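Encoded as structure tokens, the structure appears first; notes follow it.
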Amino acid sequence: MSFMDEIRKIPPVTRFLCASSLAVTLPVLLQILPIYKVVFVKEFVTQKFEIWRVFTSFFLGSSGINFIFDLAMLYRNSNELETTHFPRRSSDYAWQLSLAGLAILGLNVPLGTFVHTRALLLALTYVSSRLAPPGSQTSFFGLITFPVIYLPYMLVGMDLLMGGPGAAAISISGAVVGHLWWWTVFDTGSLRSAGTAPAWLRGWFGESASGGATGGVGGVANVGGGVHVVPPRRVREEAAAAASGVRGHSWGTGRRLGE
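According to numbering that gives the first Met the number 0, the stretch in the sequence shown is residues 0 to 258, in order.
Next comes the structure, spelled out in structure tokens:
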């Protein structure tokens with residue numbers, strides 16, 4: 000099996016995110032492209048119409064070994080979301096991701112943020128950790144193990160220690176957007192309809208109007224016998240039903256993350 004066959008196995012949105020990160024970061028690290036050409040500067044975008052800065056500011060990674068860690072986390076979180084919670088609905092994932100990016104941009108303009116990569120990563124990490132099966136664990140460099148739901152807060156704390164309050168503020172903005180994303184689409188469903196991709200985007204992905212998925216946004220996704228995930232509110236409702244004698248769904252033992 001060729002290398003390209005392996006690449007094609009990656010879901011389209013996740014493949015695009017990782018490829019964009021490599022395409023923006025590597026030329027900067029190799030000093031082929033000046034970093035000032037890809038960072039976000041509001042005046043250059045609004046006055047000189049250098050619109051590409053909005054896009055590139057979300058994919059400029061760190062230098063050295065940190066870039067490898069960030070790229071691996073980007074792939075893991077995005078792949079988990081796209082394959083488990085957006086099966087055959089990559090257009091919905093792309094649409095919601097775009098809305099999250101706009102929200103991150105809006106929160107960071109007052110902060111004068113030049114790079115939005117970390118905020119995007121925190122948003123994806125927050126949503127992924129919230130949708131993980133109850134009791135899921137992750138490890139910190141193999142040293143300590145803790146519930147995966149606390150991973151975003153751990154990352155914010157690391158940014159505070161390593162980069163100061165400014166870096167932590169950027170990460171917090173991503174976590175805030177991630178919380179709103181999870182809460183409005185998956186938990187309460189108040190913005191579920193707004194999270195559905197428009198027809199032109201579904202057509203671009205070659206998806207049907209229904210998306211070809213069972214359960215819909217925020218519902219139960221059954222992917223080849225993988226993990227079944229439902230919103231926390233629904234878990235509580237079914238637990239209450241089971242306690243009253245109504246037969247519910249068997250969720251299994253879940254799985255451990257970070258192993």
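The beta carbon of each residue, even a glycine, is placed where N, CA and C say it ideally should be.
Every value quoted in this text rests on a predicted model; they were computed, and no experiment measured them.
Quick one: what's got a C-beta closer than 6 Å to residue i's C-beta in the same chain, skipping five residues either side?
{"i": "residue 319", "result": "Residue 319 lies beyond the stretch modelled for the chain, which goes from 0 to 258, so this question has no answer here."}
{"i": "residue 14", "result": "none"}
{"i": "residue 246", "result": "Low confidence applies here, because residue 246 scores a pLDDT of 37, under 50, leaving its location unreliable; read the following figure in that light. So the list is empty, once near-sequence residues are dropped."}
{"i": "residue 183", "result": "189, 190"}
{"i": "residue 106", "result": "172"}
{"i": "residue 177", "result": "122, 125, 126"}
Within its chain, find whatever has a CB closer than 8 Å to the CB of residue i; leave out the 5 residues flanking it on each side and keep chain order.
{"i": "residue 150", "result": "124, 128, 137"}
{"i": "residue 89", "result": "10, 11, 12, 81, 204, 206"}
{"i": "residue 110", "result": "165, 168, 169, 172"}
Would you mind stating whether residue i and residue j have Cβ atoms separated by less than 8 Å?
{"i": "residue 119", "j": "residue 66", "result": "no"}
{"i": "residue 194", "j": "residue 94", "result": "yes"}
{"i": "residue 37", "j": "residue 59", "result": "yes"}
{"i": "residue 275", "j": "residue 34", "result": "Absent from the structure is residue 275, since the part of the chain shown begins at 0 and ends at 258."}
{"i": "residue 180", "j": "residue 99", "result": "yes"}
Do you know whose CA, among the options, lies nearest residue i's CA?
{"i": "residue 133", "options": "141, 145, 139", "result": "145"}
{"i": "residue 167", "options": "44, 18, 154", "result": "154"}
{"i": "residue 259", "options": "164, 191, 17, 52", "result": "Residue 259 lies beyond the stretch modelled for the chain, which goes from 0 to 258, so this question has no answer here."}
{"i": "residue 75", "options": "126, 114, 49, 29", "result": "126"}
{"i": "residue 104", "options": "164, 39, 24", "result": "39"}
{"i": "residue 101", "options": "77, 143, 54, 1", "result": "54"}
{"i": "residue 175", "options": "152, 64, 25", "result": "152"}
{"i": "residue 6", "options": "78, 32, 52, 50", "result": "78"}
{"i": "residue 196", "options": "113, 96, 160", "result": "96"}
{"i": "residue 113", "options": "185, 92, 52, 30", "result": "52"}
What residue range does the beta strand (DSSP E) around residue i cover?
{"i": "residue 136", "result": "136–139"}
{"i": "residue 39", "result": "That residue, residue 39, is in no beta strand (DSSP E); it is neither H nor E in DSSP."}
{"i": "residue 145", "result": "143–146"}
Can you name, in chain order, every residue of its own chain whose Cβ lies under 7 Å from the Cβ of residue i, other than the five neighbours on each side?
{"i": "residue 41", "result": "108"}
{"i": "residue 170", "result": "117, 118, 121, 154, 155, 158"}
{"i": "residue 62", "result": "28"}
{"i": "residue 70", "result": "17, 20, 60"}
Identify the continuous alpha helix (DSSP H) that holds residue i and give its terminal residues.
{"i": "residue 64", "result": "64–79"}
{"i": "residue 111", "result": "From DSSP, residue 111 is part of no alpha helix (DSSP H); its letter is neither H nor E."}
{"i": "residue 28", "result": "11–28"}
{"i": "residue 5", "result": "2–7"}
{"i": "residue 60", "result": "No alpha helix (DSSP H) contains residue 60, which DSSP labels as neither H nor E."}
{"i": "residue 90", "result": "89–107"}
{"i": "residue 83", "result": "Taken as a continuous stretch (DSSP letters only), residue 83 belongs to no alpha helix (DSSP H), as it is neither H nor E."}
{"i": "residue 54", "result": "51–55"}
Would a check of beta-carbon distances place residue i closer than 8 Å to chain C?
{"i": "residue 157", "result": "Looking for chain C here will not work: only one protein chain is present."}
(request) Please go through the stretch 124–205 and give each complete alpha helix (DSSP H) segment of 4 or more residues, from N-terminal end onward. (result) Given a length threshold of 4 residues, each whole run of the alpha helix (DSSP H) inside the stretch 124–205 is given here in chain order: 150–180, 198–203.
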